[in-house]
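Residue numbers (the numbering used here): 138 to 576.
Right, here's the structure in full:
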């Protein structure tokens, strides 16, 4: 059930009916609130996804990525430990790393050649002791300059099941407590200790607010309406056996669905779509896209879910759609755009046949997939409307106005839950601090 939202401060947005079933458009367009979101959701009190250990298997390997709008680098040190450091030189603040992936023994800022170990420690400063000329020493750093005080900003790191999370807040709760037991159960089902392998990446830039992608995956019934392909071939239907789960704060969610034995929708069963564009006779040129093989790890108690979509607020989606598994990293860029990075993976003990199956099914999704291209487009069109009508609001009242877990998909409860949490954090005091408004 819903928990009370603290009394909002004087600068809070007006929410119709007092709850979170009607979301003001300004939530998606207000610049000052966006800066507050970055500070409160990405830089304090939360864990953010940064990557998979399989992306940096060897000492010296690194991956450049982001936490919120801050560039960070995930590295593998000589001792095998995983580190995450901010991509900002401690000298003059330059964003020194430009490559997305690579291997280095050290990081060197090209501006003034300050060098850092892969764990972020400062190890070299040119002219630190000055330059001797005509019997005297010119320049040099002050005598009390201590390299240990000028390392790169180091984030707190948590690794579980081969997945790497980081936080600028070193007092953040444990990753396990952050997820909560309900979500952790499904996380551990997917990342169950088997060694991961990287199959490839997709990157896309979507001209919409970053929260709209969290909403999209917390919206379990739109696939049967927007993505008629899903319904045509029986991958996702509103009458599938399903479950919607949230953590106790309602910020994270898991949408769990089990594909019906009927498979491809046809005849009377297809009417669950209620979509006029549904074409019962549609066939694939290459039926291997639907070469679906149940896997042992799908089993959880008595259930065998064929699709589980987990949203970890604020930064990542973990996807299992039949045999395709991937992470989707949400990377905000202002109020009106975000980069969306897909990492498709498999398991080291997969057969070659299963690897090819995962790769084929990955083409159903991604920015040019049979399904996900629709999501990017509707997010773009929604953002355009939000900007043009700033005093209006969206409606998320399917299934009622309350927040809670359900055993069906015909509801918007997960969206209401996310904004219940959003309001508690964003409206916790009257006015944002100067540090937040300049973050």
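Backbone N, C-alpha and C fix where the C-beta goes; we use that ideal spot for every residue, glycine too.
Only counting the same chain, and skipping five residues up and downstream in sequence, which positions put a Cβ closer than 6 Å to that of residue i?
i	result
residue 437	326
residue 221	187, 209, 211, 292, 294, 303
residue 345	516, 517, 520
residue 390	355, 383, 448, 551
residue 237	201
residue 575	For residue 575, the predicted structure reports a pLDDT of 42, less than 50, and the residue's modelled location is therefore unreliable. A value from the coordinates is still provided. Hits under 6 Å: none found.
residue 156	538
residue 350	467
residue 385	317
residue 178	451
residue 454	354, 448, 465
residue 546	357, 358, 375, 379
residue 492	483
residue 477	341, 343
residue 443	395, 396, 459
Taking the alpha-carbon of residue i as reference, which of the options has the nearest alpha-carbon?
i	options	result
residue 348	447, 333, 475, 303	475
residue 255	232, 179, 197	197
residue 539	391, 527, 556	556
residue 458	503, 486, 485, 167	503
residue 297	322, 462, 433, 435	322
residue 577	219, 258, 534	With the chain covering only 138 through 576, there is no way to say anything about residue 577.
residue 511	495, 343, 393	343
residue 283	276, 265, 274	265
residue 207	340, 214, 471, 336	471
What three-state label does DSSP hand residue i in the structure shown?
i	result
residue 495	helix
residue 377	coil
residue 305	coil
residue 466	strand
residue 282	coil
residue 396	coil
residue 453	strand
residue 363	coil
residue 562	helix
residue 546	coil
residue 369	helix
residue 555	helix
residue 442	coil
residue 533	coil
residue 149	coil
residue 431	coil
residue 154	helix
residue 538	coil
residue 159	strand
Which residues in the same chain have their Cβ closer than 7 Å to the Cβ of residue i, if we skip the five residues on either side of it in sequence?
i	result
residue 246	226, 228, 231, 233
residue 431	441
residue 423	none
residue 239	199
residue 152	159, 161
Is residue j closer than 8 Å to residue i when the C-beta atoms are compared?
i	j	result
residue 166	residue 561	no
residue 328	residue 316	no
residue 482	residue 289	no
residue 396	residue 558	no
residue 495	residue 426	no
residue 182	residue 309	yes
residue 542	residue 381	yes
Which residues in the same chain have their Cβ closer than 8 Å to the Cβ of residue i, if we skip the five residues on either side of it in sequence?
i	result
residue 191	299, 332, 333, 334, 335, 482
residue 241	197, 199, 255
Any beta-carbon of chain D closer than 8 Å to the one on residue i?
i	result
residue 435	Absent here is chain D; the protein component of the structure consists of one chain.
Residue ranges of each beta strand (DSSP E) run of no fewer than 3 residues wholly in the stretch 165-246, ordered along the chain?
Residue ranges of uninterrupted beta strand (DSSP E) with 3 or more members, entirely inside the stretch 165-246 and ordered along the chain, are 185-189, 198-204, 207-213, 219-223, 238-240.
Start-end ranges of the alpha helix (DSSP H) lying completely within the stretch 471-526, minimum 4 residues:
Listed in chain order, the complete alpha helix (DSSP H) runs (minimum 4 residues) inside the stretch 471-526 are 489-499, 509-525.
Please list the segments of the alpha helix (DSSP H) lying wholly inside the stretch 298-355, counting only runs of 4 or more residues, in order along the chain.
Runs of the alpha helix (DSSP H) lying entirely within the stretch 298-355, each at least 4 residues long, are 312-316, 318-327, 348-354 in chain order.
Would you mind listing the beta strand (DSSP E) stretches within the stretch 247-282 that are 3+ residues and don't spill past its ends, in chain order?
Entirely contained in the stretch 247-282, the beta strand (DSSP E) runs reaching 3 residues are, in chain order, 259-261, 268-270, 273-275.
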